[in-house]
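Only one structure is covered here, and it is reproduced in the block below.
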Amino acid sequence: MTNVTYRIDLGAGTNEGPSVLRIRKLSKSYRDFSLQDVSMAVPEGMVVGLVGRNGAGKTTLMKCVLGATLPDAGSIELFGQDVATLSDVQLARLRERVCYVSATISYPQAMTTRDVAHLYQLAYPRFDQQEFERLCAAMGLDAPHRTVSELSRGMGMKLQLACALATNAGLLILDEPTAGLDPIVRDELLDILRAWMGPGTHSVLISSHITSDLEHLADYLVMIDDGQVVLDCERDIISDVMGVANLRSEELRHVLDTWPFEQMRPRVLRHDLSWALLVPDRTVFQQAYPDCACDRATIDDVMSFVVKGELR
Amino acid sequence: MKALLYSDWCVIKSSIKGYVLPALAIMAIAGLTGLDAVEPNALAISSHVHSVAVSTGIIMLSLFGFFGFFGNDEREGWEGVRLSLPVTRRTVVRSRYVALLAWMGVVLIAVNLLGAVAGIVIALVRYGQPAIMPASELLMANGAILAFALLYVAIVTPVFFKMGITKARMYVSLPFLACMLLPLLPGKEAIQAFAHGMSESVGAMGPLPLVALALVAGLACYAASALVSERIYARRSF
C-alpha cells in the first residue's frame, strides 16, 4: 500500500459549518487495507460526493457510519450526537433518521416488492406508505408481487431508493447507486434524488466512481485514496477554480522551480510528448505563466492525478 | 424486532416447499426401514410411524430452517445491510433466536399432526382399525427430540453469529464428534457413572417430569446461547 503523503487543501471543505454527519480521525485496519485518520462531514441540506477508485475505502467508511463495521479509533457524530456515547437503543432510535442504499440489492431474495416495503414500514416509524407507492408509480415499479430475485438491477435500485426516500430520513447514504445501470435509469434515479433534495431538509452522502453523476448532483466532494482523504472541497472549486496545464518538459521545469501555490504540492502526469500539471487556481496560474495553456479541471482529472500522478 | 422477524418469516415462507419434500422422503425411508422390527398390531405400527415422523421431522426441518435463515443472511450482503436498519445488534440476535424457536414450534405441531394422521391411516389400512400413539410416549418422544434440537441449536448458533454460515458450517458436526469422543476422554468412568446415575434418578421420575426436565434444560441452554451470541455479535464487523 502506498502512503499518500499529502492532502490537497483548498479550504471550504465539508468540515466547516453545521453538519448532520461528522467523522473525526476515523481509523479502521484490516490485514491488507486501512482507513487512516479520516475526517469529513455532511453539511445539513447538502450532497457530499465520496469519490475514489475501487478499494479506496469508500464502502468501509460508510459501513463505519452505519455501524456495520466497528472502527478502531476516531469518532462519528450523527445529528450532533457522538454515537459512541449513546446506548444501543438510543443509537437505533437515532438511526431512524438515517437510511442506506446499498450497491447491491441486498434484501432477502424471496421477498416481494410489497414485503420489502412492509419491512421498512416495520423498521422506520416515519415510513410513508403513500409516498412509497407514489415513488414506485413514478419510477415504473409496478410489480408488487415480483420477488427481489426477479428484479433487474435497475428495478432493484429503484426499489431501494423508493424505500429509502419514503422513510423521510434526514441523512441518506448511497453506496454506488448508479453503478451498472444504463444511462436512462441512471438519469431517472438522479432526477428523483434531486427532486427529493428540493426543500433542503435532507442531506446525502453518495459514493460513486461515475464522476459525471456527482458533477451534476454533489455540493461537496471528498476524494479518498488508500484509506485517506486526499481532497475535500466544494464541487464548484474543481470546475471553476482548479485547472489542468499541459506543458512541455522545459515549461514544467520552469513552473516547478517557481511554483506559486503553498497549499498544494505539484502533481504531474506524464503523457507521450508532454506533461499534465494539476493547478489549484487557474486564474493565478495564468497570471503567473501567461504562455502556458490551462484548461478547466474535471473530477476525473483530479482523480487521475491523485491515483496515477506523481508528486513533485 | 418486528422487521427482522418479518424478513425471517418471508425467507422461511418461500422455502417451505423445498424443505417439505426431502423431509417427507427421509421420513418415508426411515419409517419403511424399521418396519420389520415393529410388532404386527395397529398400535405398534401407528406409534412407529408417529415417532419416526417426530424424530426425523423435527431434526431435519429445524436444521433446514436454521441453515435457511443463516444462509440468507450472507446472500447479497443482507447481514451488513440489515445493520443499517434502525435496530440494535442485540435485537438482531434475539429476533433470530425467537424466529428459530417459533419455527421449531411450527415444525413440532406439523410433524405431530402428520405423524398422527399417517399412523391412523396406515393402522386402518393394514389392520382395519385406527390407532394412535399413547400420550405418554408421544410426550416422551417430542420432549426428547425437541430438547436435543434445542441443545444442538444452542451450541452451534453462537458459532454462526461469530463467523457466518460460510465458515461456520465446517463446525456443524463438532457437537456430534464431541459426543463420539467423550468415551475416549480420560476419566470416562466418572462421566459414565454420572450419566448412569442421572439416567437412573431421572428414569425414576416417570415420563412427564422427565420431559419437563429435558425441555427446561434445553430452553435454559438456548437462552444462555442467546446471551453468548449477543456478546459475540456485538464485536463482529461486516
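Chains as they are written, first to last, in numbering that gives the first Met the number 0: chain Y, 0 to 311; chain C, 0 to 237. Even glycine gets a Cβ: it sits at the ideal position worked out from N, Cα and C.
Here isoleucine 298 of chain Y has Val50, Thr210, Leu213, Glu214, Leu220 and Ile237 as same chain residues with Cβ atoms under 7 Å from its own Cβ, once five neighbours each way along the sequence are excluded. Approximately 4 Å separates the beta-carbon atoms of alanine 72 of chain Y and serine 26 of chain Y; this is inside 8 Å, confirming the contact. Beta-bridge annotation (DSSP): methionine 39 of chain Y is paired with Y:Ile22.
By the neighbour-count definition (other C-beta atoms within 10 Å, threshold 16), glycine 127 of chain C is an exposed residue. Counting along the chain, aspartate 300 of chain Y sits inside no beta strand (DSSP E); it lies in the alpha helix (DSSP H) bounded by residues 298-307. If you draw a straight line from the Cα of serine 105 of chain Y to the Cα of glutamate 75 of chain C, it is about 5 Å long.
Three or more pairs of CB atoms, one per stretch, sit closer than 8 Å, so the stretch 207-220 of chain C contacts the stretch 137-156 of chain C. Proximity of chain Y to alanine 2 of chain C at the Cβ level (cut-off 7 Å) is accounted for by Leu118, Leu121 and Ala122, in chain order. Counting only the Cα atoms, glycine 197 of chain Y lies some 24 Å from glutamine 120 of chain Y.
Taking a C-beta cut-off of 8 Å against chain C, the contacting residues of the stretch 63-74 of chain Y are Leu65, Gly66, Ala67, Thr68 and Leu69, listed in chain order.
Judged by their CB atoms, alanine 165 of chain Y and phenylalanine 131 of chain Y are nearer to each other than the 8 Å cut-off. Using a CB distance below 9 Å, the part of the stretch 86-106 of chain C facing chain Y consists of Val86, Thr87, Arg88, Arg89 and Thr90, ordered along the chain.
For valine 228 of chain Y, the enclosing beta strand (DSSP E) covers residues 227-233. When Cβ pairs closer than 8 Å are counted between the two stretches, the stretch 2-22 of chain C is seen to touch the stretch 61-81 of chain C, the count reaching three or more. Between serine 54 of chain C and the set C:Val19, C:Glu229, C:Val152 and C:Val110, the nearest pair of CA atoms involves C:Val110. For alanine 275 of chain Y, the beta-bridge partners assigned by DSSP are Y:Asn245 and Y:Leu268. Residue environment for cysteine 178 of chain C: exposed (fewer than 16 other C-beta atoms within 10 angstroms of its C-beta). At the C-beta level, arginine 281 of chain Y and cysteine 293 of chain Y come within 8 Å of one another. Residues of the stretch 203-237 of chain C with a C-beta less than 9 Å from any C-beta of chain Y: Ala233, Arg234, Arg235, Ser236 and Phe237, listed in chain order.
Note that the stretch 35-55 of chain C touches the stretch 134-144 of chain C; at least 3 beta-carbon pairs, one per stretch, sit closer than 8 Å. In this structure, the alpha-carbon of arginine 52 of chain Y lies about 8 Å from that of valine 306 of chain Y.
Under the three-state reduction of DSSP, aspartate 81 of chain Y is assigned to strand.
Burial state of glutamine 227 of chain Y is buried, judged by a 10 Å Cβ sphere holding 16 or more other Cβ atoms.
Interface flag for methionine 222 of chain Y against chain C is unset, since no Cβ pair is found closer than 8 Å. None of the residues of the stretch 116-150 of chain C has a beta carbon lying less than 9 Å from any beta carbon of chain Y. Residue-level contact by beta carbon fails for serine 26 of chain Y and chain C, as no gap is shorter than 8 Å. Residue contact check for isoleucine 104 of chain Y against chain C: a CB pair falls below 8 Å. In this chain, serine 206 of chain Y is not harboured by any alpha helix (DSSP H); it is covered by the beta strand (DSSP E) spanning 202-206.
Between threonine 68 of chain Y and methionine 39 of chain Y, the gap from beta carbon to beta carbon reaches 8 Å or more.
For histidine 195 of chain C, there are no CB contacts under 7 Å within the same chain when 5 residues up- and downstream are skipped. Annotated three-state conformation of alanine 72 of chain Y is strand, per DSSP. Judged by their CB atoms, serine 61 of chain C and valine 106 of chain C are nearer to each other than the 8 Å cut-off. Taking 8 Å as the CB threshold, methionine 110 of chain Y lines the interface with chain C. If you ignore the 5 residues before and after asparagine 40 of chain C, its C-beta comes within less than 7 Å of the C-beta of Tyr126, all in its own chain and listed in chain order. Note on tyrosine 29 of chain Y: under 16 other CB atoms within 10 angstroms of its CB, so exposed under the neighbour-count rule. By the rule that beta-carbons nearer than 8 Å mark a contact, tyrosine 18 of chain C does not touch chain Y.
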